[in-house]
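Down below is the structure, laid out as structure tokens.
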Amino acid sequence: MSENKPSESIKGERTMSKGFVAQYAAEAALQTKGVARLMPSPGVALKETLGILHEGKGVSVIFHENDDGFVSITVYPIIYYGMIIPEVAWAIQERVKADVERFTGLVVETVDVHVCGVVPREDIQS
């Protein structure tokens, strides 16, 4: 897996990093109704402890090597209590796919949603 995805355009070559795509996906997921926050993976938590900045925490991005412009995204949300989890997960999939495709020009092949927890609204601190 490569860290960056090069692509050609009329104006020349451009390179897109996983962090760039992950940031768009994270913003889209966080703006979905019912999402409290995103849960970073243990590897990301360790990097943050060491002071390494990670863009788009709570999101994993994989560029497909054989397909030009195809990407798979995994989102790790924590959902508010009382929300219907399958409906929130579906909304996350639709919003992430639409936003990433619109802003990056990549084709989102899959958006997997792994719900990491459920919290009451008063447990979330802004």
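When the letters of the sequence shown are read in order and numbered with my numbering, they come out as residues 898 to 1023. Beta carbons: idealized from backbone N, C-alpha and C, even for Gly.
Terminal residues of the beta strand (DSSP E) in which Asp1009 lies: That run of the beta strand (DSSP E) goes 1004 to 1010.
Whole angstroms are fine: how far does the CA of Val1012 sit from the CA of Ala986? For the pair Ala986 and Val1012, the Cα-to-Cα distance works out to about 8 Å.
What did DSSP end up calling Thr971 once you bin it into helix, strand or coil? Correct three-state label for Thr971: strand.
Could you round the C-beta distance between Gly966 and Val997 to whole angstroms and report it? I think they count as a contact, below 8 Å. No, Gly966 and Val997 are not in contact; Cβ-Cβ is about 11 Å, not under 8 Å.
The beta strand (DSSP E) spanning Gly916 covers which residue range? Careful: Gly916 lies outside any beta strand (DSSP E), inside the alpha helix (DSSP H) at 915 to 927.
Specify, as a first and last residue, the run of the alpha helix (DSSP H) that Arg934 falls within. From DSSP, Arg934 is part of no alpha helix (DSSP H) but of the beta strand (DSSP E) over 932 to 935.
Report, in whole angstroms, the separation of the C-beta atoms of Val958 and Val1008, which I expect to be a contact under 8 Å. So it is not a contact: roughly 11 Å between Cβ atoms.
Considering Ile959, what are the terminal residues of the beta strand (DSSP E) in which it resides? It spans 956 to 960 - the beta strand (DSSP E) in which Ile959 sits, taken as one unbroken run.
Which partner residues of Val1016 appear in the DSSP bridge assignment? The partner list for Val1016 (beta bridge, DSSP) reads Tyr977.
Assuming contact is defined by CB atoms lying nearer than 8 Å, are Asp954 and Leu935 in contact in what I supplied? Sequence check: residue 954 is Lys here, not Asp. Contact: yes.
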